[in-house]
Every structure is written in C-alpha cells, then in structure tokens.
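Enquirer: Chains C and L, in that order, are what the protein sequence lines are.
According to numbering that gives the first Met the number 0, the first sequence is numbered sequentially starting from 0.
According to numbering that gives the first Met the number 0, the second sequence is numbered sequentially starting from 0.
Before anything else, here's the structure in question.
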Amino acid sequence: MSDISDRVKKIVVEHLGVDEEKVTESASFIDDLGADSLDTVELVMAFEEEFGIEIPDDAAETIQTFGDAVKFISGATA
Amino acid sequence: MFDLTGKTALITGASGGIGGAVAAALHAAGASVALSGTREAPLRELAESLGERAHVVTANLGDAAAVEALPKQAAEAMGSVDILVNNAGITRDNLFMRMSDEEWAQVIDVNLTSSFRLARGVLRGMMKARWGRIVTITSVVGTTGNPGQANYAAAKAGLVGMSKSLAYEVASRGITVNCVAPGFIETAMTDKLNDDQKGRILTQIPAGRMGGPDDIAAAVLYLASPQAGYVTGATLHVNGGMAMI
Numbered sequence: 000m001s002d003i004s005d006r007v008k009k010i011v012v013e014h015l016g017v018d019e020e021k022v023t024e025s026a027s028f029i030d031d032l033g034a035d036s037l038d039t040v041e042l043v044m045a046f047e048e049e050f051g052i053e054i055p056d057d058a059a060e061t062i063q064t065f066g067d068a069v070k071f072i073s074g075a076t077a
Numbered sequence: 000m001f002d003l004t005g006k007t008a009l010i011t012g013a014s015g016g017i018g019g020a021v022a023a024a025l026h027a028a029g030a031s032v033a034l035s036g037t038r039e040a041p042l043r044e045l046a047e048s049l050g051e052r053a054h055v056v057t058a059n060l061g062d063a064a065a066v067e068a069l070p071k072q073a074a075e076a077m078g079s080v081d082i083l084v085n086n087a088g089i090t091r092d093n094l095f096m097r098m099s100d101e102e103w104a105q106v107i108d109v110n111l112t113s114s115f116r117l118a119r120g121v122l123r124g125m126m127k128a129r130w131g132r133i134v135t136i137t138s139v140v141g142t143t144g145n146p147g148q149a150n151y152a153a154a155k156a157g158l159v160g161m162s163k164s165l166a167y168e169v170a171s172r173g174i175t176v177n178c179v180a181p182g183f184i185e186t187a188m189t190d191k192l193n194d195d196q197k198g199r200i201l202t203q204i205p206a207g208r209m210g211g212p213d214d215i216a217a218a219v220l221y222l223a224s225p226q227a228g229y230v231t232g233a234t235l236h237v238n239g240g241m242a243m244i
C-alpha cells in the first residue's frame with residue numbers, strides 16, 4: 000500500500016508540478032492541485048502505465064482525489 | 000524547407016490521388032509513412048516506389064473494429080504515430096429527396112466517424128510525446144454546399160467543427176489539429192464528371208484550372224511541419240480562388 004502510495008504521489012508531483020506535502024489523502028486533483036480536466040486524463044494514462052493496469056472510463060471518473068487513486072490502484076493490483 | 004526526419008505519419012486513403020501525393024510529400028520530407036486504404040495492391044505499389052520508411056496497413060474505414068485497430072497497427076510498424084492525415088473519403092451522391100438512409104450513413108461513417116475514431120486512437124501517444132499533428136482533408140463543399148452532396152457536405156463540415164473542438168482541448172500539449180479544404184482537384188473522384196460539368200466548374204475558378212494532388216500535399220506538408228506549430232483549428236482552403244472564405 001505504501002509503495003503504491005509513493006509511486007502514485009511521485010507521478011502526481013511530477014505531472015502537476017506541486018509540492019509533495021500538498022498531495023494528501025483528500026487532495027482533489029482539480030480543486031486542490033490545479034489540474035485541468037485533460038491533466039486528469041493524463042494522470043490516469045500515467046497510472047495505467049506505471050502499474051500495468053487498465054482503468055476504464057467509468058472508473059476513471061470516480062478518481063477525484065489522491066486517496067481515490069491509491070485506493071483504486073490498490074484494488075486493481077491486489 | 001520542411002523537415003520531418005524522425006517523424007511518423009499515418010495517411011488514410013493513401014491509394015487515392017490526393018492521399019498518395021500526401022504520402023509521397025511527407026515521405027520526401029523524411030517522415031516514415033504508414034499507408035492505409037482498402038485495396039492492398041496499389042498501396043504495396045506506392046510503398047515500393049517510396050522505398051524505405053514506407054509501410055502498408057490496410058483497413059476498411061466503414062468497419063469500426065478495423066478503424067480502432069489502425070492506429071495500433073501503424074504504431075507497431077513505425078514505433079509511433081506523430082502525424083495523422085485523415086484523407087480517406089467516399090461519395091454517395093444523390094438528390095436530397097432521393098437520398099437513402101444508407102447513402103447518408105455510409106458517407107457519415109467513413110468520412111466523419113472514422114476520422115473521430117482515428118484521432119482518438121492516436122492522441123494518447125501524441126499527448127505523451129507533447130507533439131502531434133492531425134490534418135484532415137475536408138472540401139470546399141463543406142463550406143459552400145453542393146447540390147447532390149448533402150451527405151458529403153455534412154460530413155466535411157462536421158470534420159471542421161470536430162477539428163476545432165479537438166484543437167481547443169489539446170493545444171496546450173503541443174498538438175495541432177487543422178483541415179485542408181480542396182476545391183476541384185484532378186483525381187479519380189472528379190474524373191467521374193463529364194466535360195460539360197468540368198467546363199462549368201472551370202468558369203467559377205479564378206485560377207482557370209483544376210488543382211492537382213500536389214497542391215493539396217504541399218498544404219498538408221506545411222501543417223504537419225514543426226514550422227506550423229502555432230497554427231491550429233484552421234482550415235487552409237486550396238481551391239484556386241473558387242471560394243474565398
């Protein structure tokens with residue numbers, strides 16, 4: 000779990016250019032981390048590649064926060 | 000002047016007059032090309048005449064699954080797709096009152112919907128590369144209308160609206176989306192016109208002649224080039240002045 004969390008955090012920090020401390024469990028990509036809608040698509044693409052999983056569109060829409068992403072990926076890779 | 004060395008381009012309808020000229024122009028500028036069309040023999044012939052960096056990927060653009068698979072096939076052959084040229088098009092002309100649902104649907108499917116699917120298919124790679132060019136061949140009749148071509152004109156006008164919307168979405172990622180709108184170009188599609196029809200058309204073209212496939216290829220080459228990186232959402236009309244729009 001912590002490994003997944005670290006890898007997701009690294010992607011978010013690199014892609015959105017935000018400080019690591021801002022990437023908290025409840026941080027919303029769009030509202031708190033300055034992502035636009037296309038950034039969220041790119042983040043999902045990056046998650047898919049990093050973890051070798053497919054994130055369907057309806058699932059991608061539910062990934063709003065850093066915590067959502069970690070939770071989904073943990074479930075998908077379990 | 001325009002150098003596409005190291006770039007990869009997928010061209011649909013490459014067995015046709017305009018598509019073949021576009022493929023040759025991009026290839027001459029240094030790009031690798033994936034030639035797509037429904038008929039394999041003329042594609043093979045073109046690929047052989049181009050030599051290295053030319054690949055054949057056949058697909059029937061009326062078949063959704065084949066369209067979905069095409070960007071992947073092209074990326075497998077070339078490593079990526081940096082440039083997409085949506086050129087393939089068909090006509091099913093008829094008077095509006097006689098036009099069947101099938102004639103309408105076929106033209107919309109091949110000319111409009113397949114371009115949407117192909118663009119969607121190549122975007123992922125372009126977004127990651129932070130560079131991409133999508134150039135779609137439309138037609139002067141998409142702007143002016145043309146009797147007997149309600150389906151074709153609707154599809155071509157639809158491509159312009161689609162391209163502009165996509166251009167908005169991906170401009171910040173280094174991807175440009177543009178259209179080239181040919182007027183009357185000497186190809187198999189316009190060969191079907193009789194001399195009387197051609198004569199009447201020529202009176203409406205200030206340049207006094209029909210265009211050639213190379214006129215269109217040059218416009219596509221420009222829009223695909225690094226130099227056109229600040230041009231997006233545009234339609235470049237190449238029509239000898241027959242419609243100044």
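Ideal Cβ positions, reconstructed from N, Cα and C, are used throughout, including at glycine.
#1: Terminal residues of the continuous beta strand (DSSP E) containing ARG132/L?
#2: Show which residues of chain L have a CB atom less than 7 Å away from the CB atom of GLU41/C.
#3: VAL176/L: which of LEU158/L, THR57/L, LEU25/L sits nearest, CA to CA?
#4: Sort ASN145/L, ARG119/L, ALA170/L, ASN110/L by Cα distance to THR137/L and report the nearest one.
#5: Pull out every residue of the region 138-171 of chain L whose Cβ sits closer than 7 Å to any Cβ of chain C, in chain order.
#6: Comparing alpha-carbon positions, which option in ARG119/L, ASP92/L, GLY19/L lies nearest MET161/L?
#7: Report yes if the C-beta distance between ALA59/C and ILE10/C is below 8 Å; otherwise report no.
#8: Using a Cβ-Cβ cut-off of less than 7 Å, list which residues of the region 35-61 of chain C approach chain L; keep chain order.
#9: Touch check for the region 7-23 of chain L and the region 39-57 of chain L: three-plus C-beta pairs under 8 Å?
#10: Using the Cβ count rule (16 or more neighbours within 10 Å means buried), how would you classify GLN72/L?
#11: Shortest alpha-carbon distance to ALA152/L belongs to which of ILE200/L, CYS178/L, THR90/L?
#12: Could you list which residues in chain C have their beta carbon closer than 7 Å to that of ARG123/L, in chain order?
#13: Using three-state DSSP, classify ILE174/L as helix, strand or coil.
#14: Measuring alpha carbon to alpha carbon, tell me which residue in GLY88/L, ALA166/L, GLY124/L is nearest THR231/L.
#15: Out of curiosity, what's the CA-to-CA distance linking GLY249/L and ALA187/L?
#16: Provide the residue span of the alpha helix (DSSP H) that contains GLY270/L, from first to last.
#17: Would LEU235/L pass as a contact of LEU220/L if the rule is Cβ separation under 8 Å?
#18: When you compare only the Cα positions, how much space is there between VAL121/L and ALA64/L?
#19: By DSSP, does THR4/L sit in helix, in strand, or in coil?
#20: Give the straight-line distance between the Cα atoms of VAL32/L and LEU69/L, rounded to the nearest whole angstrom.
#21: For the structure I just gave you, are there three or more beta carbon pairs, one from the region 63-70 of chain C and one from the region 5-20 of chain C, closer than 8 Å?
#22: Name the residue from ARG132/L, GLU168/L, MET241/L whose alpha carbon lies nearest to the alpha carbon of ASP38/C.
#23: Distance check for THR143/L and ILE29/C, CA to CA, integer angstroms please.
#24: Output the distance between the C-alpha atoms of GLN63/C and VAL106/L, rounded to the nearest integer angstrom.
#25: Given this structure, state the Cα-to-Cα distance separating PHE1/L from ALA75/C, to the nearest angstrom.
#26: Of the choices LYS127/L, ILE82/L, VAL80/L, THR7/L, whose alpha-carbon is the least far from that of ARG52/L?
#27: Does the distance from the CB of ILE17/L to the CB of ILE184/L come in under 8 Å?
#28: Would you kindly work out how many angstroms separate the C-alpha atoms of VAL55/C and SER114/L, rounded to a whole number?
#29: Kindly indicate which three-state DSSP category ILE215/L falls into: helix, strand or coil?
#30: Starting from ILE82/L and walking both ways along the beta strand (DSSP E), at which residues does that stretch end?
#31: Fully enclosed by the region 88-136 of chain L, which alpha helix (DSSP H) runs are 4 residues long or longer?
#32: Classify SER14/L as helix, strand or coil using the three-state DSSP reduction.
Expert: Reading it off the structure:
#1: Position 133 of the second sequence holds residue 132/L. It spans 131-136 - the beta strand (DSSP E) in which ARG132/L sits, taken as one unbroken run.
#2: Working through the first sequence from its first residue, we reach residue 41/C at position 42. Result: MET126.
#3: Taking the second sequence and counting its residues from 1, the one referred to as residue 176/L is at position 177. When each option's Cα is compared against that of VAL176/L, the closest is LEU158/L.
#4: Locating residue 137/L in the second sequence gives position 138, counting from the first residue. Here the closest residue by C-alpha is ASN110/L.
#5: GLU168
#6: By 1-based counting over the second sequence, the position of residue 161/L is 162. Per the Cα distances, ARG119/L.
#7: The residue you call residue 59/C lines up with position 60 of the first sequence. The residue you call residue 10/C lines up with position 11 of the first sequence. Not in contact: ALA59/C and ILE10/C (Cβ atoms no closer than 8 Å).
#8: LEU37, GLU41, MET44
#9: yes
#10: Along the second sequence, one-based indexing puts residue 72/L at 73. GLN72/L should be labelled buried.
#11: Within the second sequence, residue 152/L is the residue found at index 153, counting from 1. Here the closest residue by C-alpha is THR90/L.
#12: Sequence index remark: in the second sequence, residue 123/L carries index 124 (1-based). Here the neighbours are MET44.
#13: Residue numbering aside, residue 174/L sits at position 175 when the second sequence is read from its first letter. In the structure shown, ILE174/L sits in a strand (DSSP, three-state: E or B).
#14: For the purposes of this step, residue 231/L is taken as the residue at position 232 of the second sequence. Comparing Cα positions, the closest option is ALA166/L.
#15: The structure shown has nothing for residue 249/L, since chain L only spans 0 to 244.
#16: With chain L covering only 0 through 244, there is no way to say anything about residue 270/L.
#17: Stepping through the second sequence from its first residue, residue 235/L is reached at position 236. Stepping through the second sequence from its first residue, residue 220/L is reached at position 221. Not in contact: LEU235/L and LEU220/L (Cβ atoms no closer than 8 Å).
#18: Taking the second sequence and counting its residues from 1, one reaches residue 121/L at position 122. Taking the second sequence and counting its residues from 1, one reaches residue 64/L at position 65. Each residue's alpha carbon lies about 15 Å from the other.
#19: Taking the first residue of the second sequence as position 1, residue 4/L is located at position 5. Here THR4/L sits in coil by DSSP.
#20: Here residue 32/L refers to the residue found at position 33 when the second sequence is read from its first residue. Here residue 69/L refers to the residue found at position 70 when the second sequence is read from its first residue. Roughly 13 Å between the two C-alpha positions.
#21: yes
#22: Counting from one through the first sequence, the residue named residue 38/C turns up at place 39. For the residues ARG132/L, GLU168/L, MET241/L, the minimum Cα distance to ASP38/C belongs to GLU168/L.
#23: Position 30 of the first sequence, counted from the first residue, corresponds to residue 29/C. Position 144 of the second sequence, counted from the first residue, corresponds to residue 143/L. Computed Cα separation, rounded: 42 Å.
#24: What you label residue 63/C is simply residue 64 of the first sequence in a count that begins at 1. What you label residue 106/L is simply residue 107 of the second sequence in a count that begins at 1. Their backbone Cα atoms lie some 39 Å apart in a straight line.
#25: Along the second sequence, read from residue 1 onward, the residue named residue 1/L stands at position 2. Along the first sequence, read from residue 1 onward, the residue named residue 75/C stands at position 76. Going from the Cα of PHE1/L to the Cα of ALA75/C covers about 46 Å.
#26: For the purposes of this step, residue 52/L is taken as residue 53 along the second sequence, with counting starting at 1. Nearest of LYS127/L, ILE82/L, VAL80/L, THR7/L to ARG52/L, Cα basis: THR7/L.
#27: As a position in the second sequence, residue 17/L is number 18, starting the count at 1. As a position in the second sequence, residue 184/L is number 185, starting the count at 1. In this structure, ILE184/L lies closer than 8 Å to ILE17/L by Cβ.
#28: Locating residue 55/C in the first sequence gives position 56, where the first residue counts as 1. Locating residue 114/L in the second sequence gives position 115, where the first residue counts as 1. Before going further, note that residue 55/C is Pro rather than Val in the sequence given. Each residue's Cα considered, the two are about 22 Å apart.
#29: Position 216 of the second sequence, counting from 1, holds the residue named residue 215/L. Helix, per DSSP.
#30: As a first step, residue 82/L must be located in the second sequence, where it is residue number 83. Note, ILE82/L: beta strand (DSSP E), 82-85.
#31: 100-106, 113-128
#32: Here residue 14/L is taken as the residue at index 15 of the second sequence, counted from 1. The answer is coil: DSSP assigns SER14/L none of H, G, I, E or B.
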